[in-house]
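Working notes for the structure below.
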Amino acid sequence: MPEYNAGTFEVKRLDILDSHGNSDRALMPSLGEPEIKEIYRRLVLARAFDQRVLALQREGRMGTYASILGQEASQVASAYAAGNGARVFPSYRETGTLIALGYPLYMLFQYWSGDERGMKVPEGMNVFPICISVSSHVPHAVGAAMAARIKKEPVPSVAYFGDGATSKGDFHEGANMAGAFNLPVVLICQNNQWAISLPRSRQSAAATLAQKAIAYGFDGIQVDGNDVFAVYTAVKRALDKARNGKGPTLIECFTYRLSDHTTADNASRYRSADEVERWKKLDPLARLGKFMEKENMMPSGYAEEAARQATAEVDEGFKKYEEAGPPSPEDMFRNTFKTPAAGQMKQLGSFSGGK
Amino acid sequence: MPEYNAGTFEVKRLDILDSHGNSDRALMPSLGEPEIKEIYRRLVLARAFDQRVLALQREGRMGTYASILGQEASQVASAYAAGNGARVFPSYRETGTLIALGYPLYMLFQYWSGDERGMKVPEGMNVFPICISVSSHVPHAVGAAMAARIKKEPVPSVAYFGDGATSKGDFHEGANMAGAFNLPVVLICQNNQWAISLPRSRQSAAATLAQKAIAYGFDGIQVDGNDVFAVYTAVKRALDKARNGKGPTLIECFTYRLSDHTTADNASRYRSADEVERWKKLDPLARLGKFMEKENMMPSGYAEEAARQATAEVDEGFKKYEEAGPPSPEDMFRNTFKTPAAGQMKQLGSFSGGK
Amino acid sequence: MANKTVNMVEALNMALAGEMERDSNVVILGEDVGVDGGVFRVTAGLYGKFGPERVMDTPLAESGIVGMAIGMAAFGLVPVAEIQFMGFLYPAFDQLISNASRIRARSRGRYGCPMVVRTPYGGGIKAIELHSESAEAAFCHIPGLKVVVPSSPYTAKGLLAAAVRDPDPVLFLEPTRLYRLIKEEVPEEPFTIPLGKARLVKEGRNATLISWGSMLQKTIKAAEAYDVDVIDLMTLSPYDEDAVLASVKKTGRAVIIQEAPRNCGFASEVAAGIAEKAILSLKAPVIRVAGYDVVLPFPKLEDFYIPNQRRITDAIEEVLKY
Amino acid sequence: MANKTVNMVEALNMALAGEMERDSNVVILGEDVGVDGGVFRVTAGLYGKFGPERVMDTPLAESGIVGMAIGMAAFGLVPVAEIQFMGFLYPAFDQLISNASRIRARSRGRYGCPMVVRTPYGGGIKAIELHSESAEAAFCHIPGLKVVVPSSPYTAKGLLAAAVRDPDPVLFLEPTRLYRLIKEEVPEEPFTIPLGKARLVKEGRNATLISWGSMLQKTIKAAEAYDVDVIDLMTLSPYDEDAVLASVKKTGRAVIIQEAPRNCGFASEVAAGIAEKAILSLKAPVIRVAGYDVVLPFPKLEDFYIPNQRRITDAIEEVLKY
Ligand SMILES: Cc1ncc(C[n+]2csc(CCOP(=O)(O)OP(=O)(O)O)c2C)c(N)n1
Ligand SMILES: Cc1ncc(C[n+]2csc(CCOP(=O)(O)OP(=O)(O)O)c2C)c(N)n1
Ligand SMILES: [Mg+2]
Ligand SMILES: [Mg+2]
């Protein structure tokens, strides 16, 4: 009748690529040079787009925007692993994910300019609209996974959310359901160390966010979120596991938000410049660049060319966005219901179109 | 850059008294004979009251009722440890806790007959009204603990809830806040193996409920919930820890609901008689009785006398309940606000008093 | 096929079985809906008939249940979620208002949300706290969410089938008090009653009584002695304002009867519509018979709270004075 | 003490500082309310002044924040919880309706719940989805919860102080659009404006315009050209029905202006009250100017959605026709 052990649990951490561009050969995922270059190009594109929106916002040409600076690796590499074979449920801070999945840039400009046509996810893309209410999309991902199982579709769900999101009830309810039903779900926590002004350490007393998976009876793993190979490997493994009926995984991408929370925020009010500087040294893009140089995947001029191409793509996206023009005011009377209700038709009828 | 351990966590289980009445001497709490006898009497009283409400309900003289049969040890022993020095936040299935704390029986009859005067917790008792919305009281307990800290009152909070409650968002949000603020909170999960018809195994994929504490960065422990000494010890330790500023604890009392979920339920629809029989053998009251016999704390006639006394107390409580009569219909216009609003006064003015 | 005389629980069960047979994408989820058949037994037998993949017991988590249903609905299923009591729908308010009702608009029609959330509602069964809620108005204020309330076995069956077939999210409120109160002939085969349309239960000249759910039955009783229109709204959002206005323009008098507290209840919406669009026809004040603006009392006082026939009769007499 | 010319954010900050100085039990909790001073900077400087025990940054969990506040309020504190936007108050709907509003009734007065939940509300700042909500009516339907909406720096300061001192839970809705729009002289020392009382902003003879929050400012502008009463309700629940009825009985015409969707909005409650109690004085239909019954569009169309001055003017002209 003693006091005895009723369970021991371990949380793993995965690092493959260090900040000098050296990789752990044993753990390297099987990605060929073309694929690695592709990941690099998408990282560059994501960053170029991000910086463009920031610039446009400063000129008053975009709305409030949440920058992904510093988080590109965890977004792009995870999206690259998921591809179109999974259903992706993004939060507002997944621009890199969406871009890596091929989301049309002009539509992202629309979205961030306050035009909901930007969220009419193109047919053929397995993406759910951006969720603003933190963590409330986690149960959606779980439900989609249930639908996939019932309809015998081999399509796992991938939900993205932040460190702050792990404190919310919907994260908990969704994760617990995913575990209880053993569903094909990958939960990707973008731990960027801050939820607006609240540092990770005060968000939860848990030492890692990955260990929250223990509460739900499935695996949790922490990965270096600025390491494309670690992120890619963990997501790939989790997706394989999901497809094999082995249930959900929680992946904590340990990364950093280099920007303000959004363009409406001023992070210098609550965090030290030192901390930001430290993390700048861990820049995911630079790191992959160093690796590629060492591995001779980076011929001279390559980086510049990738940057040029990205700029051109962003330019083109912006042009297309501008050409599309503003939405029609009458649009707001559409899509509340599939068929507008009589009262809505009357209101539309009396709508003068003026502001 | 390897894959390495980022944290190892252990969940303990505490058993002290086995089903034959043998105890682990090393772990026995320092309870003298009078205290053990007191616990025994409260167990008997709780069971007597429980059985009386069930009988009255069958006669149509009480409303729907949630029996505690089988869970008396985890309720009474935990309440005995808490006493009046903690603030207790009960759910609807804590009749044993309330009785052990000295809640007036006639008020419990009132409550279960649908008379809210029964929840006017007597001054001097540190009990919050019964919470019906599962787990929504967990944050209240956390807030009360915060108030205690700020007001420098040495009064930890103790919240009771079921296995099902651990799946709800409010459990999660409350527990995480308790951890994040390192508050004096004891979370007592009455894992009675069922949430109405859902067995524990399908409520969560977690092997134990105690391990959910890992998600919040504090200790979780599972105890034999039918063992008064294990329950008492775990709660006492957790309260001491809380009072010493060492933060929250989650205690999973591993017990069993021998009755239907409530009097409106029929458990034979969804669980086997065998399972119930197996658990009957682990009856917490019989177990303590055996221990007391072995320890010579049970003179002949003692059990009968305790039962007789309990019946008398219940009789008296019921008499007092009947004497109090029904509430006044006008009561419903009181206590929505401290001072009724003008509109409420008008409605009261036109209230005819008829059904 | 023949008719069957059934109570509302049985009618709802028939509707669910019928829809599940018709469309293999229709699935049920909720607490205790499986082997147990639901706390009110509305899903009884469906688990045995359709199996655990189509009748899913969930963990205890209402926001999660509704949230999961949204994901299921967006990706090809037609989930019917049961919430055990309206008092436990509140934790899912956010999922309904922030997500279910907006998925279609948010995605400009790329994703729909064809789901039903069913829940028992209203008082009358003398249950413990939070088991007698009637907060329908709070949900009717959500654009993009339809709200439906049957008042009899027949309407329950037809409206539930229509709700399941509707391409948008529907909150389906089942008056607990009526679950077993009335039996009625109901066709065995599936049929639908269109959402958004009221029905005229009784025709008359001197006043219009407007109600829904369990209050309708009391209203019908109170109306027996009078020459009045009785309208059962059936769908509260979007509601059939035209039917109300047509009747009030005819009678010149309106009484609206709800169980919920008066302040910001659905009756206020109906009264406001009349005050806006039928005022010139009005001969009398528009009277709301409603619960009081106080916290719903525990069962012992519930009968004093919920509007009774006498209060309805008083209101009719009051408008007829003019 | 002197007056100070301040905007609403500053006025609210003054009110909080004043109440925290007056009563050491007053504490603030919420996301980013500490060092950061709140997303709109309403709590700026308070962390520095009163320390981390009285100005608490919480984890991201709205139901938990409101739930914790309930526990704090019941046990001796007076918590003022900030929710970052009304769209994120929805997850706390259950704590408000099931607990905050009922603790006093449930315990028959043994426990009270003297807390304030503050949140920015309404559109006008062109923010992303769920940052422009105006679902006040859903909360006004909760008996036991008071709902207050200031419309200017002065009323913001006086009403917030009154809300903090009120023994019952108060939902305090701050029109985001007005945060920095108007400056006004406000006394430096603490003062209160009683809850439950409307104010007559302008006096006239031909119609009664009723509004609150950010719509009030547009209403005042629209009213300039007319001889009308303009009423600022200030407290929506329990609201000052007597003030509305007195005015409408005088003018015979009523226009109610709200930002929220029309269906089941608070304007409907006001209109229903008039239709019930002032009908005999009415010369014209009671008109509601309101948001459309559609999902609130994203910022690019927001200005087409939110009632503008022209729509208010049209409504005034409409009632004056009678
Ligand atoms: C339910 C809810 N509450 C509050 C907010 C306001 N808000 C937007 S982002 C944010 C912080 C989120 O932190 P985290 O989850 O770490 O994600 P990050 O922004 O860092 O990517 C908050 C509080 C929200 N969007 N949703
Ligand atoms: C939020 C909420 N959802 C649903 C219910 C209905 N309900 C009452 S008890 C119960 C099961 C609770 O199970 P558990 O937490 O294990 O406690 P137990 O009843 O076994 O003591 C349910 C679903 C409720 N009271 N509250
Ligand atoms: Mg973050
Ligand atoms: Mg249980």
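Chains as they are written, first to last, in our numbering: chain P, 1 to 355; chain D, 1001 to 1355; chain B, 2001 to 2322; chain X, 3001 to 3322.
Each residue gets a CB set at the ideal place from its N, CA and C atoms; glycine is no exception.
Unbroken beta strand (DSSP E) run spanning residue i, endpoints
{"i": "M2056/B", "result": "V2055 to D2057"}
{"i": "S3211/X", "result": "T3208 to S3211"}
{"i": "R2199/B", "result": "R2199 to K2202"}
{"i": "C1253/D", "result": "T1249 to F1254"}
{"i": "S78/P", "result": "It is not in any beta strand (DSSP E) - S78/P instead sits in the alpha helix (DSSP H) that spans E72 to A82."}
{"i": "D2229/B", "result": "D2229 to D2232"}
{"i": "T2235/B", "result": "T2235 to S2237"}
Contacts of residue i in chain D (Cβ-Cβ under 8 Å)
{"i": "M3068/X", "result": "P1139, H1140, V1142, G1143, M1146, G1174 and M1177"}
{"i": "E33/P", "result": "What E33/P touches in chain D: nothing, since even the nearest Cβ is about 20 Å away."}
Residues sharing a beta bridge with residue i, DSSP
{"i": "G3291/X", "result": "P3261/X"}
{"i": "R3118/X", "result": "E3082/X and F3172/X"}
{"i": "T3005/X", "result": "E3185/X"}
{"i": "R1013/D", "result": "Y4/P and Q1222/D"}
{"i": "W194/P", "result": "P199/P"}
{"i": "L187/P", "result": "A159/P and L250/P"}
{"i": "F1089/D", "result": "A1159/D"}
Residue i at chain P interface by Cβ criterion, 7 Å
{"i": "S2268/B", "result": "no"}
{"i": "S2107/B", "result": "yes"}
Within chain X, partners of residue i - CB distance below 8 Å
{"i": "L250/P", "result": "By Cβ distance, chain X contributes nothing, its closest Cβ being about 17 Å from L250/P, past 8 Å."}
Host alpha helix (DSSP H) of residue i (start-end)
{"i": "P1284/D", "result": "P1284 to K1294"}
{"i": "L2046/B", "result": "L2046 to F2050"}
{"i": "I1150/D", "result": "V1138 to I1150"}
{"i": "C3140/X", "result": "E3136 to C3140"}
Short CB-CB distance (under 7 Å) between residue i and chain B
{"i": "I1132/D", "result": "yes"}
{"i": "V121/P", "result": "yes"}
{"i": "K1168/D", "result": "yes"}
{"i": "R1058/D", "result": "no"}
Within-7 Å CB hit, residue i to chain X
{"i": "K1151/D", "result": "yes"}
{"i": "L198/P", "result": "yes"}
{"i": "T208/P", "result": "no"}
Partner residues on chain B for residue i, Cβ-Cβ distance less than 7 Å
{"i": "D1358/D", "result": "This structure leaves residue 1358/D out entirely; chain D is present only between 1001 and 1355."}
Closer than 7 Å to chain D by CB, residue i
{"i": "S2134/B", "result": "no"}
{"i": "M1/P", "result": "For M1/P, the predicted structure reports a pLDDT of 46, less than 50, and the residue's modelled location is therefore unreliable. The matter cannot be settled from this model."}
{"i": "S2063/B", "result": "yes"}
{"i": "K3115/X", "result": "Looking at the sequence shown, residue 3115/X is not Lys but Met. Not closer than 7 Å to any Cβ of chain D, the Cβ of M3115/X fails to qualify, so no."}
Contact set between residue i and chain D, taken where Cβ atoms lie within less than 7 Å
{"i": "D219/P", "result": "Residues of chain D passing the Cβ test: none, with the nearest at roughly 11 Å."}
Amino acids of chain X, ordered along the chain, whose beta-carbon sits closer than 7 Å to that of residue i
{"i": "T1097/D", "result": "Near T1097/D there are no residues of chain X at all, since even the closest Cβ is about 17 Å away, more than 7 Å."}
{"i": "Y2090/B", "result": "F3093, D3094, I3097 and S3098"}
Chain-ordered chain P contacts of residue i [CB-CB under 8 Å]
{"i": "R1013/D", "result": "E3, Y4, N5 and A6"}
Contacts of residue i in chain B (Cβ-Cβ under 8 Å)
{"i": "G3122/X", "result": "Chain B residues near G3122/X: none, gap ~15 Å exceeds 8 Å."}
{"i": "A1165/D", "result": "L2060"}
Amino acids of chain D, ordered along the chain, whose beta-carbon sits closer than 9 Å to that of residue i
{"i": "L2130/B", "result": "I1132 and S1133"}
Per-residue contacts from residue i into chain P (C-beta, under 7 Å)
{"i": "S1204/D", "result": "N176, G179, A180, Y216 and G217"}
Output needed in chain order: residues of the stretch 315 to 334 of chain P with a Cβ under 8 Å from some Cβ in chain X. P326, P327, P329, D331, M332 and F333
Using a Cβ cut-off of 9 Å, which residues of the stretch 3140 to 3170 of chain X contact any Cβ in chain B, in chain order? C3140, H3141, I3142, P3143 and G3144
Proximal residues, the stretch 66 to 94 of chain P versus chain B, C-beta separation under 9 Å: R87 and F89
Contacting positions in the stretch 3024 to 3041 of chain X - beta carbon closer than 8 Å to chain P: E3031, D3032, G3034, V3035, D3036, G3037 and V3039
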